[in-house]
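Residue numbers (our numbering): 180 to 442.
Data block below; observations after.
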C-alpha cells in the first residue's frame with residue numbers, strides 16, 4: 180500500500196462514520212484493518228488514532244485490543260502494550276492470543292510490580308498461570324543463604340587499583356535482570372527482586388569509573404579505588420565493618436593491616 184491508497188481508505192472510513200445507519204461492527208472491522216496498514220507503514224500515531232476510534236465506537240470488537248497492543252509494542256512501549264491486553268483478558272479470560280502476547284511482553288523485560296500483581300489476580304488463563312509458575316520456580320532457584328546482604332558464593336578479588344566482586348547466578352538470569360548502583364562509599368546489587376549486596380563499602384571508590392559485567396552465569400562488579408595519600412588501600416572485605424566485627428572475622432587476632440606484608 181502507498182500513501183494515496185491509505186488516504187483513500189481513511190476517507191472511505193470517515194464517510195462510513197458520517198452515516199447515521201452505518202453498521203458499527205463493519206466500521207470497526209475496516210478501521211482495525213486500516214490501523215494495521217498504518218502500523219506496517221510506520222505511521223504509528225495514525226494507527227493509534229484509528230484503533231482508539233474503534234474502541235470508542237465498538238468496545239466489544241476484540242481484534243482492536245490486539246491491534247492496539249501490536250502498535251504500542253512496535254513503538255517500543257511494552258508497558259502501554261499490556262494495557263489493552265489486560266483489558267481484553269479481563270473481559271475474556273480465555274483469550275489465548277491476548278494471553279500469549281502478554282506473556283511474551285513479560286518475558287522480554289521486567290515491566291514492574293504493578294503488572295506482576297495484576298497477573299497474580301488474573302491467572303485464569305493457562306498461559307498466564309504457566310508463566311507465573313515458571314517465575315516462581317526461577318525465584319526459588321535464585322534463593323541462597325545470604326549473609327550480610329550477600330550471596331554465599333560471593334568472592335572478592337583485590338588488585339592494586341581495583342577490587343572485583345564475583346557472583347555466580349542461576350542460568351536463567353539475563354543482563355536485564357541485574358541492577359547495580361554505585362556511590363562513593365556505597366554499593367547496591369540486585370538481581371530481579373533478590374538483594375545481593377547493599378550497604379556502605381569498606382573504602383571509598385570512584386563511581387564514574389566503576390562498572391559491572393555479566394556473562395552468564397558470572398556477574399562481576401568492578402570498583403575503582405580512591406587513592407589515599409597517593410596509595411591504594413587493600414580491601415579485605417567489601418562491606419564496611421567496625422573494629423569489633425573485624426576482630427571477630429580475624430579470629431580474635433588484633434593485628435593491623437600495616438603489619439601485614441603483602442606479596
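All C-beta atoms, glycine included, are put in the ideal place defined by N, C-alpha and C.
Residue i versus residue j: straight-line alpha-carbon distance, rounded
i, j, result
"residue 401", "residue 268", "44 Å"
"residue 384", "residue 403", "5 Å"
"residue 374", "residue 215", "43 Å"
"residue 247", "residue 283", "15 Å"
"residue 329", "residue 376", "At residue 329, the pLDDT of 41 sits below 50, so the modelled position is not reliable; the number obtained from the coordinates is stated separately. Answer to the nearest angstrom: the Cα atoms are 5 Å apart."
"residue 369", "residue 379", "15 Å"
"residue 289", "residue 257", "10 Å"
"residue 339", "residue 411", "7 Å"
"residue 252", "residue 312", "25 Å"
"residue 327", "residue 346", "Unreliable positioning characterises residue 327 in this predicted model, as indicated by a pLDDT of 42, which lies under 50. The coordinate reading is nonetheless provided below. Looking at the two C-alpha atoms, the distance is approximately 15 Å."
"residue 309", "residue 281", "12 Å"
"residue 361", "residue 342", "13 Å"
"residue 424", "residue 349", "31 Å"
"residue 221", "residue 250", "9 Å"
"residue 292", "residue 406", "41 Å"
"residue 264", "residue 381", "48 Å"
"residue 359", "residue 255", "24 Å"
"residue 296", "residue 287", "18 Å"
"residue 394", "residue 367", "19 Å"
"residue 210", "residue 270", "21 Å"
Beta-carbon gap between residue i and residue j smaller than 8 Å
i, j, result
"residue 202", "residue 241", "no"
"residue 298", "residue 276", "no"
"residue 356", "residue 414", "no"
"residue 417", "residue 335", "yes"
"residue 306", "residue 278", "yes"
"residue 230", "residue 243", "yes"
"residue 260", "residue 233", "no"
Terminal residues of the alpha helix (DSSP H) in which residue i lies
i, result
"residue 417", "Careful: residue 417 lies outside any alpha helix (DSSP H) and carries neither H nor E."
"residue 403", "Where residue 403 is concerned, there is no enclosing alpha helix (DSSP H), although the beta strand (DSSP E) it sits in stretches over 397–403."
"residue 350", "Neither: residue 350 is in no alpha helix (DSSP H) and is coded neither H nor E."
"residue 366", "Per DSSP, residue 366 belongs to no alpha helix (DSSP H); it is in the beta strand (DSSP E), 365–370."
"residue 293", "292–300"
"residue 259", "257–270"
Delimiting residues of the beta strand (DSSP E) encompassing residue i
i, result
"residue 390", "390–394"
"residue 358", "357–362"
"residue 285", "It is not in any beta strand (DSSP E) - residue 285 instead sits in the alpha helix (DSSP H) that spans 275–287."
"residue 377", "373–379"
"residue 219", "Segment 203–220 is the alpha helix (DSSP H) holding residue 219; no beta strand (DSSP E) there."
CA nearest to the CA of residue i, picked from the options
i, options, result
"residue 354", "344, 381 and 392", "392"
"residue 213", "226, 250 and 234", "226"
"residue 365", "386, 409 and 285", "386"
"residue 351", "367, 207 and 396", "396"
"residue 204", "237, 228 and 223", "237"
"residue 419", "372, 398, 363 and 409", "363"
Go through the segment 230–254 residue by residue and report every complete run of the alpha helix (DSSP H) that reaches 4 residues or more, in order.
241–253
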